[in-house]
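Written out below as structure tokens is the structure these notes cover.
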Amino acid sequence: MPKEPIIMDAIAKDLAEKIRSRQARVGVVGLGYVGLPLAVELAKAGFTVTGIDVSDAKTQRVNAGDSYVGDISNETLAPLVDSGKLRATTDFAAVRDLDTINICVPTPLRKTKDPDMSFIVSACEQIAAHLHPGMLVILESTTYPGTTDELVLPTLATPDLQVGRDFFLCFSPERVDPGNPKFQTANIPKVVGGCTATCTELGRLFYDQALEHVVPVSSTRVAEMVKLLENTFRMINIGLANEIAMMCDRIDINVWEVIDAAATKPFGFMPFYPGPGLGGHCIPIDPFYLSWKTKQAGIEARFIELAGYINGQMPHFVVEKVRDALNNATKAVRGSRIHVFGVAYKRDIDDVRESPALDVMLLLNRMGAIISFSDPHVPVLHLDGLTLLAQPEEAAEAADCVVIITDHSSFDYPALTRRARLIVDTRNALKGLRSEKIVRL
Ligand code: SAJ
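Here it is in structure tokens:
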């Protein structure tokens, strides 16, 4: 693909200079687990940053130097606020005094598995009302290829505000992995693609001031597709691991031993692990942004649909394991006390969004089981009209069956093995512990 010449006319040159000198006044829309760390990195790099969020609570906490994002400590946030480098507001009129703005708002799925673009549309409409010549706008929210060109651009552009000439527009996928001890916003490579070569260059220059590694690509669509490939790859391979687990279960092979041995291959293999299902607000969601778009282009995303089906079957598979384990102990699910260990969507976090634990507990509750749970990160759970309070781990003692759904590091697994009558382990958390009472996926 021949490289487009980078034309830096007066407006672009002026913005580039403001970025290089850190005089550019920076804005971040959406102060969640993506936006707040980004705002902090940009402020640490020397920019004066205005965070914009619809939540009064969030903006007040930011302005009080009181972080609500695990990856950002108060010790990091407060000095930036006190020095005037970072402030937050709910007022989009602040955009008129900004030179750059990053959009980091949610992109969930509707119940129909169609993309919910309402957050992006709302943010863009608010920005459009105050957009002025010389601005760089970068969308970071994970979305389908074409969103920036087909949805954001028409919302922002006017006859007097032409992209690549009067303002500049890019897409850059967020790659934040909350709680990751090794990779945080500053050192995760940042892909960025613009509507024009000048847009891409300004996006590259902008991130280069604050992040360790910037990866410019030729268009917004390529940048949008990069993130979807990353997370679709993950979702499909988890689906494969889950299908292999169901095969091994049927032919009585220990799938965990198989995967651990396969993982010794030093090339050409990457271990993924079976589990009770696919949780979180990225992996179960992002691939359906891609399949929704390709379906419109007349291409069936068969791998995504199949992996979505298989991953969606896992809660039912777990419930069958519980039912059969109780049956072998001459007990019915109905009336049995079933205690779940771990309800967050993955280990050592407190997020229950799309957690498979909710599916498993709902299914068991509807079968007449008496359910309870322990989770050090989740104090209370609202489930289908039920409100359940987290119980201490000792509650396992009174249960007819314990189900390990999320293998938090802080659980006392040897004590659990002593206390429980029967354990269904969906995460191989009891690896290496031998007991008749343990049933594994
Ligand atoms: N899961 C499995 N088996 C696996 C891996 C994960 O069942 O082998 C399950 C988890 O238990 C969870 C779900 O899949 O329920 C998603 O887990 P995840 O490890 O993918 O964690 P997420 O959802 O926080 O994904 C994020 C993503 N980051 C971004 O989108 C920026 C993803 O791209 C990262 O690869 C992932 O974190 C990560 O590596 O931690």
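Sequence positions in the sequence shown follow this note's numbering and run -1 to 439.
Every residue gets a Cβ at the ideal spot worked out from N, C-alpha and C, and that includes glycine.
Only a predicted model underlies this, so the values are computations on that prediction, with no experimental measurement involved.
field: Same chain only: Cβ atoms within 7 Å of I347, ignoring 5 sequence neighbours per side
entry: Locating residue 347 in the sequence shown gives position 349, where the first residue counts as 1. So the list reads P176, G177 and H375, once near-sequence residues are dropped.
- prompt: How is I335 classed by DSSP in three states: helix, strand or coil?
  reply: Within the sequence shown, residue 335 is the residue found at index 337, counting from 1. This sequence places Arg at residue 335; Ile is not what is there. It is a strand residue.
- prompt: So what does DSSP say about F286, is it helix, strand or coil?
  reply: Position 288 of the sequence shown, counting from 1, holds the residue named residue 286. Three-state result, F286: helix.
field: Proximity test, L276 beta-carbon vs the ligand SAJ heavy atom, cut-off 7 Å
entry: If you number the sequence shown from 1, residue 276 lands on position 278. Yes, the ligand SAJ has a heavy atom inside 7 Å of this Cβ.
query: Below 8 Å between beta carbons: does that hold for S170 and G201?
result: For this step, residue 170 is matched to residue 172 along the sequence shown. For this step, residue 201 is matched to residue 203 along the sequence shown. The answer is yes: Cβ separation under 8 Å.
Paired residues, beta bridge with T156 - DSSP: Position 158 of the sequence shown, counted from the start, is the residue given in the question as residue 156. In DSSP, T156 forms a bridge with L159.
field: Per-residue DSSP class, three states only, for S433
entry: As a working note, residue 433 is residue 435 in the sequence shown. In this structure, S433 counts as coil in the three-state DSSP scheme.
Buried or exposed (CB count within 10 angstroms, at least 16 for buried), R18: The residue given as residue 18 occupies position 20 in the sequence shown. By the neighbour-count rule (16 or more Cβ atoms within 10 Å), R18 is not buried but exposed.
DSSP-derived helix/strand/coil call for H380: As a working mapping, residue 380 is identified with position 382 in the sequence shown. Reduced to three states, the DSSP call for H380 is strand.
- prompt: Do C280 and the ligand SAJ come close, with the Cβ less than 7 Å from some heavy atom?
  reply: On the sequence shown, residue 280 is found 282 positions in, with the first residue counted as 1. C280 Cβ: within cutoff of the ligand SAJ.
- request: For the beta strand (DSSP E) containing T48, list its first residue and its last residue.
  value: As a first step, residue 48 must be located in the sequence shown, where it is residue number 50. T46 to I50 is the extent of the beta strand (DSSP E) around T48.
- request: State the Cα-Cα distance for the pair A86 and T141, rounded to the nearest angstrom.
  value: To locate residue 86, count along the sequence shown from 1; it is residue 88. To locate residue 141, count along the sequence shown from 1; it is residue 143. Their backbone Cα atoms lie some 25 Å apart in a straight line.
- prompt: Can the beta-carbon of E172 be found less than 8 Å from the beta-carbon of E210?
  reply: Counting from one through the sequence shown, the residue named residue 172 turns up at place 174. Counting from one through the sequence shown, the residue named residue 210 turns up at place 212. Contact: no.
Cα-Cα separation between D7 and Q182, rounded to whole angstroms: Locating residue 7 in the sequence shown gives position 9, where the first residue counts as 1. Locating residue 182 in the sequence shown gives position 184, where the first residue counts as 1. Answer to the nearest angstrom: the Cα atoms are 35 Å apart.
- prompt: Taking one C-beta from the segment 289 to 297 and one from the segment 244 to 259 each time, how about it: are there three or more such pairs within less than 8 Å?
  reply: no
message: Can you tell me whether A239 sits near the ligand SAJ, meaning its C-beta is under 7 Å from at least one heavy atom of the ligand?
response: For the purposes of this step, residue 239 is taken as residue 241 along the sequence shown, with counting starting at 1. A239: yes, Cβ under 7 Å from the ligand SAJ.
- prompt: Can we count N100 as close to the ligand SAJ, meaning its CB is less than 7 Å from some heavy atom?
  reply: Position 102 of the sequence shown, counted from the start, is the residue given in the question as residue 100. Incorrect: N100 has no Cβ contact closer than 7 Å to the ligand SAJ.
task: List the DSSP bridge partners of S372.
output: As a first step, residue 372 is located in the sequence shown; it is residue number 374 there, counting from the start. In the DSSP output, where bridge partners are listed per residue, S372 has F339.
- prompt: Within the chosen definition, does the segment 154 to 169 reach the segment 179 to 198 through at least 3 CB pairs nearer than 8 Å?
  reply: yes
- request: Answer yes or no: the CB of R515 versus the heavy atoms of the ligand SAJ, is any distance below 7 Å?
  value: Here the chain comprises residues numbered -1 to 439, so residue 515 is not present and cannot be evaluated.
task: Please report how far the alpha carbon of C280 lies from the alpha carbon of N229, in whole angstroms.
output: For the purposes of this step, residue 280 is taken as residue 282 along the sequence shown, with counting starting at 1. For the purposes of this step, residue 229 is taken as residue 231 along the sequence shown, with counting starting at 1. Those two C-alpha atoms are separated by around 7 Å.
- request: Measure the beta-carbon distance from N309 to G275 and round it to whole angstroms, keeping in mind my assumption that it falls under 8 Å.
  value: Counting from one through the sequence shown, the residue named residue 309 turns up at place 311. Counting from one through the sequence shown, the residue named residue 275 turns up at place 277. At roughly 6 Å, the Cβ-Cβ gap stays under 8 Å, so N309 and G275 are in contact.
- prompt: With 16 as the cutoff for other CB atoms within 10 Å, does L387 come out buried or exposed?
  reply: As a first step, residue 387 must be located in the sequence shown, where it is residue number 389. It is exposed - the Cβ of L387 has fewer than 16 other Cβ atoms within 10 Å.
query: In chain order, what residues of the same chain have a beta carbon less than 6 Å from the beta carbon of P269, not counting five sequence neighbours either side?
result: Walking along the sequence shown from the start, residue 269 turns up at place 271. If we look at P269 and ignore the five residues flanking it on each side, its Cβ neighbours are I257 and A261.
task: Leaving out five residues on either side along the sequence, give the residues of the same chain with a beta carbon under 8 Å from the beta carbon of S53.
output: Here residue 53 refers to the residue found at position 55 when the sequence shown is read from its first residue. These residues qualify, in order along the chain: L29 and T88.
query: Quick one, which of R23, K188, N426 and S407 has its alpha-carbon nearest R345's?
result: Indexing the sequence shown from 1 puts residue 345 at position 347. R345 has its Cα closest to that of S407, out of R23, K188, N426 and S407.
- prompt: What does a CB cutoff of less than 7 Å around V317 pick up in its chain, not counting 5 residues either side in sequence?
  reply: Your numbering for residue 317 matches position 319 in the sequence shown. Closer than 7 Å at Cβ, skipping near neighbours: V358, L361 and L362.
- prompt: If you run the structure through DSSP and keep just helix, strand and coil, what is F166?
  reply: For the purposes of this step, residue 166 is identified with residue 168 of the sequence shown, where counting begins at 1. Correct three-state label for F166: strand.
- prompt: What first and last residue would you give for the beta strand (DSSP E) that runs through A86?
  reply: Stepping through the sequence shown from its first residue, residue 86 is reached at position 88. That run of the beta strand (DSSP E) goes L84 to T87.
field: C-alpha gap between S217 and D147, whole angstroms
entry: Residue mapping note: residue 217 aligns to position 219 of the sequence shown, counting from 1. Residue mapping note: residue 147 aligns to position 149 of the sequence shown, counting from 1. The alpha-carbon atoms of S217 and D147 are separated by roughly 10 Å.
query: Short check: CB of A355 to CB of T404, under 8 Å?
result: Position 357 of the sequence shown, counting from 1, holds the residue named residue 355. Position 406 of the sequence shown, counting from 1, holds the residue named residue 404. A contact, by the Cβ cut-off of 8 Å.
- prompt: In this structure, does DSSP put K188 in helix, strand or coil?
  reply: The residue labelled residue 188 in the question sits at position 190 within the sequence shown. Residue state, collapsed to three classes: strand.
task: Please work out which residues of its chain come closer than 7 Å, Cβ to Cβ, to Y343, disregarding the five sequence neighbours upstream and downstream, and give them in chain order.
output: On the sequence shown, residue 343 is found 345 positions in, with the first residue counted as 1. So the list reads G277, G278, D349, V350, R351, E352 and S353, once near-sequence residues are dropped.
task: Please state if the CB of D64 and the CB of N72 are separated by a distance shorter than 8 Å.
output: As a first step, residue 72 must be located in the sequence shown, where it is residue number 74. As a first step, residue 64 must be located in the sequence shown, where it is residue number 66. Yes, they are a contact pair.
- prompt: Between L129 and L154, is the Cβ-Cβ spacing less than 8 Å?
  reply: Working through the sequence shown from its first residue, we reach residue 129 at position 131. Working through the sequence shown from its first residue, we reach residue 154 at position 156. Contact: yes.
query: Counting along the chain, where does the beta strand (DSSP E) carrying R23 start and finish?
result: Residue 23 sits at position 25 when you count from the first residue of the sequence shown. From DSSP, the beta strand (DSSP E) with R23 extends over R23 to V27.
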